[in-house]
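In this text, residue positions in the sequence shown follow our numbering: the first is 546, and each later residue adds one.
We treat Cβ as the ideally placed atom computed from N, Cα and C, and that holds for glycine.
Notes follow once the structure below has been shown.
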Amino acid sequence: MKKPKIIIFFLLVALSHCLYAQNNFIEKLLDDNKNLFGDVLTNIDSFEVQIIYTQIDRDKNNFPSFTTYKYRVDPKEYFYSASTVKLPTAILALEKLNNLNIDGLNKNTSLKVDSVRAPQTPVTSDSSSTTGLPSIANYIKKIFLVSDNDAYSRLYEFIGQKEINESLHKKGFNDVKITNRFAAGFSAEDNRYTNPFEFYKQDKIIYKQVEQYNSENYSFDLNKLKKGIGYIDSKNNLVKEPYDFSAKNYISLETLTEILKAVIFPESRPSELRFNLTDDDYKFIYKYMSMFPRESKHPFYDSVYYDSYVKYFIFGDSHEPIKNNIRIFDKVGLAYGYLTDVAYIVDFGNNVEFMLSAVILVNKDKIFNDDVYEYDKIGKPFLANLGRIINNYESKRDKNILPNLSKFKFDY
Numbered sequence: 546m547k548k549p550k551i552i553i554f555f556l557l558v559a560l561s562h563c564l565y566a567q568n569n570f571i572e573k574l575l576d577d578n579k580n581l582f583g584d585v586l587t588n589i590d591s592f593e594v595q596i597i598y599t600q601i602d603r604d605k606n607n608f609p610s611f612t613t614y615k616y617r618v619d620p621k622e623y624f625y626s627a628s629t630v631k632l633p634t635a636i637l638a639l640e641k642l643n644n645l646n647i648d649g650l651n652k653n654t655s656l657k658v659d660s661v662r663a664p665q666t667p668v669t670s671d672s673s674s675t676t677g678l679p680s681i682a683n684y685i686k687k688i689f690l691v692s693d694n695d696a697y698s699r700l701y702e703f704i705g706q707k708e709i710n711e712s713l714h715k716k717g718f719n720d721v722k723i724t725n726r727f728a729a730g731f732s733a734e735d736n737r738y739t740n741p742f743e744f745y746k747q748d749k750i751i752y753k754q755v756e757q758y759n760s761e762n763y764s765f766d767l768n769k770l771k772k773g774i775g776y777i778d779s780k781n782n783l784v785k786e787p788y789d790f791s792a793k794n795y796i797s798l799e800t801l802t803e804i805l806k807a808v809i810f811p812e813s814r815p816s817e818l819r820f821n822l823t824d825d826d827y828k829f830i831y832k833y834m835s836m837f838p839r840e841s842k843h844p845f846y847d848s849v850y851y852d853s854y855v856k857y858f859i860f861g862d863s864h865e866p867i868k869n870n871i872r873i874f875d876k877v878g879l880a881y882g883y884l885t886d887v888a889y890i891v892d893f894g895n896n897v898e899f900m901l902s903a904v905i906l907v908n909k910d911k912i913f914n915d916d917v918y919e920y921d922k923i924g925k926p927f928l929a930n931l932g933r934i935i936n937n938y939e940s941k942r943d944k945n946i947l948p949n950l951s952k953f954k955f956d957y
């Protein structure tokens, strides 16, 4: 009896994609604000912009319905997803703990990471946690608070390359390939191997996981996998040929958006296609996804990590403190000239909620890996202005029923 529900769900998703694929709502919104986006709009192809904006309306039971608008979105047009892949990885780490269903094993259980081959490295302590010991919970906090690369790599190792990809594909998130840690020195083959883990309480071992290996390959028919006119290699030499992204992680903007929607609105998906998360898991994710670094005591972050450090929409072009009436539940990515933000944005003061996802490439010299990118000059202002005009539009949009947003309010 479960299969018809799944089939109907995917038919509805496919139909909704067809209905909104040709609309030009976002294009008109950008054109109406050329003073904010002029430099990008004059040569939009070179900036590889993609945008997805989702309106949310509630019924009398607060159940959400979605109207989605897209601009230049194409899953075949490759962009480097950077740290956005940390979003599904964090979710899958929690899901794996729940699937194991072992007494005493949870996101707060202390753990050790072993290493059995180069260039793997072990972990036995974590000075940023309340206990001084590593845990899945503390890694997830660091991923959402400041997009910590080592935290992501450890969750990647815990889940395993095969389980990451198969778990997402089984839930209908097909345009995704996550095959790389964010750690130096790992080849494609090295990344197939993931470290042994041990979870423990005092002297008692609760769960041991041996090294895992993934023999599967994931191939996608993608455009523009080779980009630019040159790149800086590992020896700091300029190579005058396009940079090849084919061995990098891949996830489409649509898939990122649907993953975030599945976390923020699990009730909108059939139970068979939801992540296996507890109510406490959801509250944990929401809290740390929307928390500002200054609000965290463990881990503690100084003022270098300003409020908009990982909040590009609305506030990305400013280092000023963000007022508490707006909370952004998101995951950003920044690398190789690509900036991406995938967000659910709430303005409690105006009863506003919407989803917004966007990517832009800022690499004027077309040289990759040279650390010469226009993030602050073009990329972050573009995303901040985009967030502002959508937020302004939403604040004036008529709604038959105002949303109850209480589940997204937290004491930070």
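Below 8 Å, enough C-beta pairs join the region 846-864 and the region 675-693 to call them touching: three or more. Classified as buried, ASP875 has 16 or more neighbouring CB atoms from the shown chains inside 10 Å of its CB. Beyond the five residues adjoining it in sequence on each side, LYS769 comes within less than 7 Å, by CB distance, of GLU622 and TYR623 in the same chain, given in chain order. Taking all protein chains in view, the Cβ of PRO679 is crowded by 16 or more other Cβ atoms within 10 Å, so the residue is classified as buried. If you keep only unbroken alpha helix (DSSP H) runs of at least 4 residues inside the region 873-945, you get 925-941.
Between ALA807 and PHE790, the C-beta spacing is not below 9 Å. Listed in chain order, the beta strand (DSSP E) runs fully inside the region 616-700 are 655-658, counting runs of at least 3 residues. At a Cβ-Cβ threshold of 9 Å, VAL594 and TYR616 count as neighbours. Per the Cβ contact rule, the region 929-948 is in contact with the region 570-582 (3 or more Cβ pairs under 8 Å). The beta carbon of LYS657 lies closer than 6 Å to those of THR669 and GLU743 in the same chain, with the five residues before and after it left out. Three or more beta-carbon pairs separated by less than 8 Å link the region 884-903 to the region 942-955, which places the two stretches in contact. Rounded to whole angstroms, the gap between the alpha carbons of ASN914 and ALA663 is 25 Å. Put simply, the backbone Cα of PRO741 is about 9 Å away from that of PRO667. DSSP, read as helix, strand or coil, puts VAL585 in helix.
Within the same chain, and ignoring the five residues on either side of ASP826 in sequence, the residues whose Cβ sits closer than 6 Å to its Cβ are LEU639. Just measuring C-alpha positions, the residue of ASP910, PHE953 and SER902 sitting nearest PRO787 is ASP910. Burial state of ALA682 is buried, judged by a 10 Å Cβ sphere holding 16 or more other Cβ atoms.
By the Cβ criterion, the region 914-926 is in contact with the region 879-888, since at least three pairs of Cβ atoms, one from each stretch, lie closer than 8 Å. GLU803 carries a helical assignment under DSSP once its states are collapsed to helix, strand and coil. From the listed residues GLY583, ILE601, MET834 and LEU642, the smallest Cα separation to TYR938 is found for ILE601.
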